[in-house]
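Engineer:
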Amino acid sequence: MVEYNSYWVDADGLERGVRRIGQVAGMPKEALTRFESLERGVEGWNGEDDEFHDKSDPPYRQQNESCRMVLTGLEKFLTGLQSAVLESLRSVGETHAVVQDRIKDAQGNSEKYGNGGSGKR
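Laid out in structure tokens, this is it:
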């Protein structure tokens with residue numbers, strides 16, 4: 001989050017988000033497995049080699065393929081989102097470490113100059 005002249009992030013919230021996304025990311029794969037199981041259960045429902053089959057089979061197969069694509073895409077999206085949030089969290093950690101090091105360096109340097117005096121030596 002950005003505020004006037006400052007930046008802060010809720011690292012704990014990001015970590016919780018990564019865990020939750022991880023939990024949700026497996027759901028489309030489970031749904032695809034269930035879908036394919038149900039699909040096998042109704043295989044041949046529309047007959048074979050007759051007019052009804054010839055009219056109903058192409059849209060039926062197209063619809064099933066669309067469902068597969070949506071579920072696969074959703075799984076990939078959630079996995080990618082989790083990776084992106086993890087990368088952001090890593091970047092935040094690195095930035096925090098660098099800033100803390102610079103603050104320590106600045107504090108160490110400030111002791112060399114005391115209270116600043118008049119700036120003359």
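FYI, the UniProt record's numbering numbers position 105 of the sequence shown as 105, with every residue one higher than the one before it.
Glycine residues also receive a C-beta, built at the ideal position from the N, C-alpha and C atoms.
Should Val99 and Ile21 be called a contact, given that it needs their Cβ atoms to be closer than 8 Å?
Structural biologist: no
Engineer: What's the C-alpha gap between Glu39 and Lys29?
Structural biologist: 15 Å
Engineer: I'd like to check one pair, Leu89 with Ala11: are the Cβ atoms closer than 8 Å?
Structural biologist: Taking 8 Å as the Cβ cut-off, Ala11 and Leu89 qualify as a contacting pair.
Engineer: Quick one: give me the first and last residue of the alpha helix (DSSP H) that Val9 is part of.
Structural biologist: First-last for Val9: undefined, no H or E at that position.
Engineer: Measuring only the C-alpha atoms, how far is Phe35 from Ala97?
Structural biologist: Their backbone Cα atoms lie some 47 Å apart in a straight line.
Engineer: Helix, strand or coil: which one does DSSP assign to Gly80?
Structural biologist: helix
Engineer: Comparing alpha-carbon positions, which option in Ala31, Asn64, Gly26 lies nearest Val42?
Structural biologist: Asn64
Engineer: Between Asp105, Thr79, Ala106, which has its C-alpha nearest Val18's C-alpha?
Structural biologist: Thr79
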